[in-house]
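Contents: one structure, followed by commentary.
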Amino acid sequence: MKNIFKNLMAGMFVLLAFSCQEDEPAPQPAPDLVQAANAAGLTTLLAAVEAVPELAPALLNSQAITVFAPTNDAFANALTALEAANLDELVEKLGGVDGLETVLGFHVVPAIAFAADLNASNNFTTLSGQELLVERSGNSVTITDATGAVANVVAADVTISNGVVHVIDRVLLPEIDALQPSTLTIKEDPNLGFMFADANGRSLYYFSRDVNGDNNCSGGCANNWPIFYAEEINISNPAFDASLIGTIEVDGENQTTYNGWPLYYFANDENGSVNGDGVGSVWFAAKPDYSIMIANGQLVGNNGENYIINEAGEYVNGEGNTQYYIDFQTGRTLYRFINDEADQSNFGGNPSVWPLYTTEIDQLPSLISTDDLNVIENNQLSFRANPLYFFGSDEDRGDTKGVSVPNPGVWPIVNNDTPELEPIPNLVEAATAAELTILLDAVVAAGLADALLEADEITVFAPTNDAFVALLETLEVETLEELIEALGADAVVKVLQFHVVPAVAFSTDLAEGSQTVPTLAGENLTVIRTGNSVTVIDSADNTYNVVVADVQIQNGVVHVIDGVLLPNLD
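In case it helps, mature numbering (1 follows the signal peptide of the UniProt record, and there is no 0) puts the sequence shown at residues -22 to -1, 1 to 548.
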């Protein structure tokens, strides 16, 4: 510090000595800022100025400036205080080159102020736009920065070509976002609602792959998604639970978590923007009150084996991340049961093994629509009409043990690819969808519709329209009305009842070979299964094929056949 003072003052005394001698040449011009800083050994200051493009030329070309120039020791102390090992790390701590430019500009006043020109108290507006408090007491001059820290002028009034330099023993810190205590707040976004942010309104995010509570964003990911650490919390939102705040260590740095989810910035955000929400279907605005959260990780069954879902939707052994939904509050994975019907739970087993998922829906990640959720019987929540469950043996956050119980695919996870579970149609709806219009007309004409819809269990062998047309041709009639007239109303009722078995029989329920089954007509029907093929034989020994099997209806099953079955009509 004394050497710097000696060098600066010695240069000034030499200039004064030469100016007092007679017949000497005109005084040498004053050095510019860079030359003066070099002469004083202010190498760190010069390096900092050079790190900001165009700053040095701008200062050299200014008409009038006063520079408060920190010593190398002052910069070393600033590096220590800001936990930076070198100038590059200091730039990072200041939020980038723009932050460094703000700090350096805070040391420059666009006017000339020698020490003798100062009042006892002076407020100067700096190139950064912020004010400095400069105070003079006798021959002592001090400067107070935005943090309240006080720097001393250790070498005053070093004249430069466009102003004056005062060497100081401290780096002056302005108000700068990067230097403010990192504060966790909640802001209200017009589209996403209340979400976590820092004190400047910069958005914070959750990463789906952090479902286990660890930071899984490294390498290039970490460059795009910097970690967030809160030194202070300023939140009054009732949805926020301070007890859920935590801290993890990532490569020697602290990161704040909420309810086990690490918090991140998005590099492409500005204050107020939420550009990171939904990126890659794995990044979501961080909220305190999600009901459901989207996880993304390796599926590991109760048997310890790894699973993936192939293109056919089958659960097969393999390694790779899969998207799945979890309950945000508990971290437990959500499942559906393959045998459930639309908005109807058919699971009759131990409820402690597969508890129903009951919750009130509040906030959801942007990829989940409230239209896909519904509350059904017993307050169970359904997703796309699939009733939702927990698995009792999922102990840790994000566990997916249920995917292998009792066999893979019986209890699938739930995610964006989960299909809508369509309501099971009744007989009329199924026949309408299959365009069995003549059969429907016949059932209505015979007055059987209500009886069939209200039956407990039925299997219907349903003739196609072509099958009815063939019967009309055989009987040499042209319309259904003529058929009823030709056979008689009672006979038509018996024909239709001969197509209905008062029990549920899917094709897979049939024994291999021939079997007889009772019908509502009071006569037996012969059904033959040969592998995957099924045929039916009526009382006249006519054989017809099942062309579409196993159409499930609310009270049974429909098999579409290519002929009209005839009972004994004598």
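Don't be surprised by glycine CBs; every beta carbon is placed ideally from N, CA and C.
| Asked | Found |
| --- | --- |
| Among I531, T103, Q322, nearest to L334 - alpha-carbon criterion | Q322 |
| A420 versus V471, E67, S115, A263, residue with shortest Cα-Cα distance | V471 |
| Any 3 or more C-beta pairs closer than 8 Å across the segment 68 to 77 and the segment 13 to 24 | no |
| Delimiting residues of the beta strand (DSSP E) encompassing N299 | 299 to 305 |
| P384 burial status per 10 Å Cβ neighbour count (16 or more: buried) | exposed |
| E227 versus D176: straight-line alpha-carbon distance, rounded | 19 Å |
| Under the three-state DSSP convention, the category E463 falls into | helix |
| Helix, strand or coil at N523 [DSSP, three-state] | strand |
| For V421, three-class secondary structure by DSSP | helix |
| Neighbourhood of Y207 by C-beta, 8 Å cutoff - its chain only, sequence neighbours within 5 removed | S160, T225, E231, N232, Q233, T234 |
| Residues bridged to R507 [DSSP beta-bridge criterion] | G491, V512 |
| Three CB pairs or more closer than 8 Å across the segment 360 to 380 and the segment 293 to 311 | yes |
| DSSP bridge partner residues for R114 (one or two, in chain order) | V119 |
| Limits of the alpha helix (DSSP H) - the one that F446 falls within | 443 to 452 |
| Rounded distance between the beta-carbons of A47 and L78, thought under 8 Å | At roughly 15 Å, the Cβ-Cβ gap does not stay under 8 Å, so L78 and A47 are not in contact. |
| Rounded straight-line distance, which links the Cα of F172 to that of N328 | 39 Å |
| Test item: CB-CB of A440 and V538 under 8 Å | yes |
| Chain-order list of residues whose beta-carbon lies under 6 Å from that of V529 (same chain, five-residue window excluded) | A408, V536 |
| CB-CB length for D435 against G534, believed under 8 Å | With the sequence shown as reference, residue 435 is identified as Glu, and Asp is not the correct amino acid for it. About 5 Å; that satisfies the 8 Å criterion. |
| Selected residue, minimal CA-CA separation from D155, among T125, I164, N324, V145 | T125 |
| Distance between L157 and H144 (C-alpha atoms, nearest Å) | 25 Å |
| Three-way DSSP call (helix, strand, coil) for G534 in this model | strand |
| Reference G509; option with closest CA among D487, L498, T497 | D487 |
| L38 versus V112 - alpha carbon distance | 23 Å |
| First through last residue of the alpha helix (DSSP H) which encompasses E79 | 75 to 83 |
| Rounded C-alpha distance that separates V87 from E248 | 29 Å |
| L334 beta carbon near the ligand NAD (any heavy atom closer than 7 Å) | As far as ligands go, the structure on display features none, and thus does not contain the ligand NAD. |
| The segment 382 to 401 contacting the segment 275 to 292, beta-carbon criterion three pairs below 8 Å | yes |
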